[in-house]
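Asker:
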């Protein structure tokens with residue numbers, strides 16, 4: 001049987017790069033803040049595994065979609081901040097278009113013509 | 118991107134420390150990158166724990182929750198390693214490593230030349246002062262081995278610097294620990310360096326130059342096998358120092374070259390210009406009875422020509438028929454002669470190179486290579502032939518000059 005949590009986890013895993021890129025569109029953030037923003041913006045619906053977040057961030061950085069830089073914290077440890085590159089912004093726009101097409105198609109199949117996009 | 122390891126986060130919580138140790142242990146990355154990842158995750162754990170404590174959780178529960186959200190440390194370490202690597206990054210790293218090695222080698226070359234030149238300048242100045250006060254009579258550095266020494270040290274420093282830089286850049290850019298890239302750099306790049314040094318590079322060779330060239334790949338491999346994945350890119354101060362050294366070399370080296378003597382070019386003595394009245398007298402004095410029986414009534418050779426081009430000495434005898442009538446198995450022989458006197462080197466009672474004379478339109482011609490035998494600094498060409506009684510006669514003494522072994526280091530090693 002389809003388990004709601006499992007479906008969400010699988011969907012989240014596949015869309016995590018898109019969520020990260022979209023979260024960083026407004027400015028640079030460190031890893032913990034990225035998770036917090038995703039959680040807040042989805043009103044708690046999305047709570048990405050932090051164990052998946054960091055590999056995703058590092059992979060996106062390696063692909064040139066993100067740039068990272070170290071900055072000293074306020075009295076705390078140094079933190080690694082990520083920001084979108086020009087290539088990352090283009091990748092985000094492509095991913096958004098693909099997601100719109102994909103989600104529209106899923107809605108068509110799951111809910112019929114009422115959700116035509 | 119990376120910062121000094123001094124800024125590494127050392128979280129006081131032993132639970133975090135153990136967790137971070139486990140992640141770091143699973144990271145198959147250069148040391149600096151492992152430190153960076155550890156710092157990043159440590160900062161995350163502290164933020165996560167602080168948020169939980171602020172929400173009312175106890176420190177122990179907050180710590181456990183923070184760790185739980187990140188999951189299995191070994192899996193996280195493996196996934197982070199995998200995320201930081203790609204095939205394209207490896208290829209780019211190989212290219213960057215080659216480029217960095219080339220740049221470091223050039224800097225090393227300048228450094229090496231500057232080092233030896235500096236020593237030479239000191240010796241030259243000291244000798245000049247000594248000459249001024251009458252301790253020695255000349256201040257010129259006469260030993261041409263200095264040139265080999267300059268290039269030797271320069272090439273060795275270049276090989277060392279190049280290999281260290283190659284390992285460092287390849288490891289950092291490909292996100293692999295130095296231990297993983299060292300063998301590849303040592304074998305692949307070391308093989309290329311060995312090929313260039315021992316086979317490709319053709320020049321005048323002697324024992325000193327061959328030792329210099331043979332040590333280049335050895336030094337490269339040793340440097341590669343001990344290279345680290347720390348950045349070896351030169352600092353601003355190092356770049357300034359390189360410029361200063363370069364300026365020293367540019368100014369000092371020409372001055373030294375001006376003061377150094379030129380290479381020795383000596384033509385062996387010939388009849389009429391030396392102390393001998395006849396060829397017979399010269400040959401007897403210089404030991405040319407070694408090749409065979411001296412012919413008291415040599416035939417008219419007609420037009421006799423000899424030449425040397427790129428180490429190949431050629432003899433042409435116009436009246437070939439006159440020689441062929443009296444001897445068979447005619448051949449041109451190259452004998453070692455002493456550079457200073459032109460006399461035959463009696464320590465070697467056999468020619469070092471021989472070739473048959475072949476007939477070409479009534480003339481006889483033959484050529485021998487005189488720059489491919491070790492330790493031959495001068496040669497003398499003769500034409501010999503077997504007489505009817507089976508004795509090999511010295512038919513014509515052609516002449517000779519100085520020569521230098523020319524080829525690759527491997528040629529020199531394989532040479533007779």
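Protein chains in written order, with our numbering: chain E, 1 to 117; chain B, 118 to 533. In this text, a Cβ means the ideal position worked out from N, Cα and C, and glycines have one as well. As the structure is a prediction and not an experimental result, all values here were calculated from the model.
(1) Applying the 10 Å Cβ sphere with the 16-neighbour rule, what's the burial state of residue 522 of chain B?
(2) Name, in chain order, the residues that DSSP records as bridge partners for residue 464 of chain B.
(3) Given residue 340 of chain B, which residues of its chain have a CB within under 6 Å of its CB, disregarding the five upstream and five downstream residues?
(4) For residue 109 of chain E, count the other beta carbons within 10 Å of its own beta carbon; 16 or more makes it buried, fewer makes it exposed. Which is it?
(5) For residue 300 of chain B, does the three-state DSSP call read helix, strand or coil?
(6) Go ahead and label residue 541 of chain B buried or exposed: buried means 16 or more other beta carbons lie within 10 angstroms of its beta carbon, across all protein chains shown.
(7) CB-CB under 8 Å to residue 24 of chain E, same chain, minus the five flanking residues each way: which ones, in chain order?
(8) If you draw a straight line from the alpha carbon of residue 102 of chain E to that of residue 314 of chain B, how long is it in whole angstroms?
(9) Given residue 118 of chain E, which residues of its chain have a CB within under 7 Å of its CB, disregarding the five upstream and five downstream residues?
(10) Can you have a look at residue 434 of chain B and say buried or exposed, based on whether 16 or more other CB atoms are within 10 angstroms of its CB?
(11) Based on the DSSP output, what are the partners of residue 30 of chain E in its beta bridges?
(12) Distance cutoff 9 Å, beta carbons only. Does residue 17 of chain E sit that close to anything in chain B?
(13) Let me see if you follow: with CB-CB separation under 9 Å, is residue 193 of chain B close to chain E or not?
(14) Does any residue of chain B bring its CB to less than 9 Å from the CB of residue 83 of chain E?
(15) Can you confirm whether residue 105 of chain E, when its beta carbon is compared against all beta carbons of chain B, has any partner nearer than 9 Å?
(16) Are the beta-carbon atoms of residue 288 of chain B and residue 212 of chain B separated by less than 9 Å?
(17) For residue 166 of chain B, which residues from the same chain have a beta carbon less than 6 Å from its beta carbon, with the 5 sequence-adjacent residues on both sides left out?
(18) Using a Cβ distance threshold of 8 Å, determine whether the region 289 to 299 of chain B contacts the region 232 to 245 of chain B, with at least three qualifying pairs required.
(19) What is the C-beta distance between residue 470 of chain B and residue 486 of chain B, in whole angstroms, given that I count them as a contact (C-beta under 8 Å)?
(20) Would you say the region 197 to 213 of chain B touches the region 142 to 156 of chain B, given that touching needs at least three Cβ pairs under 8 Å?
(21) Measure from the C-beta of residue 140 of chain E to each C-beta in chain B and report whether the shortest distance is under 9 Å.
(22) In terms of DSSP beta bridges, what is residue 411 of chain B paired with?
(23) Cβ of residue 25 of chain E less than 9 Å from any chain B Cβ?
(24) Cutting at 6 Å between CB atoms, please list the residues of its own chain near residue 534 of chain B, excluding the five before and the five after it.
(25) Alpha helix (DSSP H) containing residue 450 of chain B: first to last residue?
(26) Look at residue 515 of chain B and residue 500 of chain B and say whether their C-beta atoms are less than 9 Å apart.
(27) Given that residue 50 of chain E touches chain B, what residues does it touch there, using C-beta distances under 8 Å?
(28) From the beta carbon of residue 197 of chain B, is the nearest beta carbon of chain E less than 9 Å away?
(29) Only counting runs of 4 or more residues, tell me where the alpha helix (DSSP H) segments fall wholly within the region 153 to 222 of chain B, in order along the chain.
Answerer: So, from the data block:
(1) For this step, residue 522 of chain B is matched to residue 405 along the second chain. With 16 or more Cβ atoms within 10 Å of its Cβ, residue 522 of chain B is classed as buried.
(2) In the second chain, the residue the question calls residue 464 of chain B occupies position 347. Looking at the DSSP assignment, residue 464 of chain B forms no beta bridge with any residue, so it has no partner.
(3) In the second chain, the residue the question calls residue 340 of chain B occupies position 223. Excluding residues within five positions, the ones whose Cβ falls inside 6 Å are 277, 280 and 281.
(4) Taking the first residue of the first chain as position 1, residue 109 of chain E is located at position 109. Result: exposed.
(5) Here residue 300 of chain B refers to the residue found at position 183 of the second chain. Here residue 300 of chain B sits in helix by DSSP.
(6) Residue 541 of chain B cannot be examined here, being either before or after the span of chain B that is shown, 118 to 533.
(7) The residue you call residue 24 of chain E lines up with position 24 of the first chain. Counting only Cβ-Cβ distances below 8 Å, and skipping sequence neighbours, we find 34, 66, 82, 83, 84 and 88.
(8) As a first step, residue 102 of chain E is located in the first chain; it is residue number 102 there, counting from the start. As a first step, residue 314 of chain B is located in the second chain; it is residue number 197 there, counting from the start. Just so you know, the alpha carbons of residue 102 of chain E and residue 314 of chain B end up roughly 59 Å apart.
(9) The structure shown does not extend to residue 118 of chain E, since chain E is modelled only from 1 through 117, so no value can be given for it.
(10) Sequence index remark: in the second chain, residue 434 of chain B carries index 317 (1-based). With 16 or more other Cβ atoms from the protein chains shown falling within 10 Å of its own Cβ, residue 434 of chain B counts as buried.
(11) The sequence position of residue 30 of chain E within the first chain is 30, counting from 1. Assignment of beta-bridge partners to residue 30 of chain E by DSSP yields E:81.
(12) By 1-based counting over the first chain, the position of residue 17 of chain E is 17. So, not an interface residue.
(13) Taking the second chain and counting its residues from 1, the one referred to as residue 193 of chain B is at position 76. With 9 Å as the cut-off, residue 193 of chain B counts as an interface residue toward chain E.
(14) Here the question's residue 83 of chain E lines up with position 83 in the first chain. Closer than 9 Å: no.
(15) Here residue 105 of chain E corresponds to residue number 105 of the first chain, with the count starting at 1. It does not; no Cβ of chain B falls within 9 Å.
(16) Within the second chain, residue 288 of chain B is the residue found at index 171, counting from 1. Within the second chain, residue 212 of chain B is the residue found at index 95, counting from 1. Pairing residue 288 of chain B with residue 212 of chain B gives a Cβ-Cβ distance that is not under 9 Å.
(17) As a first step, residue 166 of chain B must be located in the second chain, where it is residue number 49. Excluding sequence neighbours, residue 166 of chain B sits near 179, 180 and 183.
(18) Touching, no.
(19) As a working note, residue 470 of chain B is residue 353 in the second chain. As a working note, residue 486 of chain B is residue 369 in the second chain. Indeed, because the Cβ distance is near 6 Å, the residues count as touching under 8 Å.
(20) The region 197 to 213 of chain B, when compared against the region 142 to 156 of chain B, does touch it at the 8 Å Cβ threshold.
(21) Because chain E spans 1 through 117 in this model, residue 140 of chain E falls outside it and cannot be assessed.
(22) Position 294 of the second chain, counting from 1, holds the residue named residue 411 of chain B. Under DSSP, residue 411 of chain B shares a beta bridge with B:511.
(23) Residue 25 of chain E sits at position 25 when you count from the first residue of the first chain. No, because no Cβ of chain B sits closer than 9 Å to the Cβ of residue 25 of chain E.
(24) No answer is possible for residue 534 of chain B: it lies beyond the span of chain B, which begins at 118 and ends at 533.
(25) Taking the second chain and counting its residues from 1, one reaches residue 450 of chain B at position 333. Per DSSP, residue 450 of chain B belongs to no alpha helix (DSSP H); it is in the beta strand (DSSP E), 445 to 453.
(26) Your numbering for residue 515 of chain B matches position 398 in the second chain. Your numbering for residue 500 of chain B matches position 383 in the second chain. Yes. Within cutoff.
(27) What you label residue 50 of chain E is simply residue 50 of the first chain in a count that begins at 1. The contact set of residue 50 of chain E on chain B, defined by CB atoms closer than 8 Å, consists of 161, 165, 186, 187 and 188 in chain order.
(28) Reading the second chain from its first residue, position 80 is the one you call residue 197 of chain B. Closer than 9 Å: yes.
(29) Within the region 153 to 222 of chain B, complete alpha helix (DSSP H) segments of at least 4 residues are found at 176 to 187 and 190 to 201, given in chain order.
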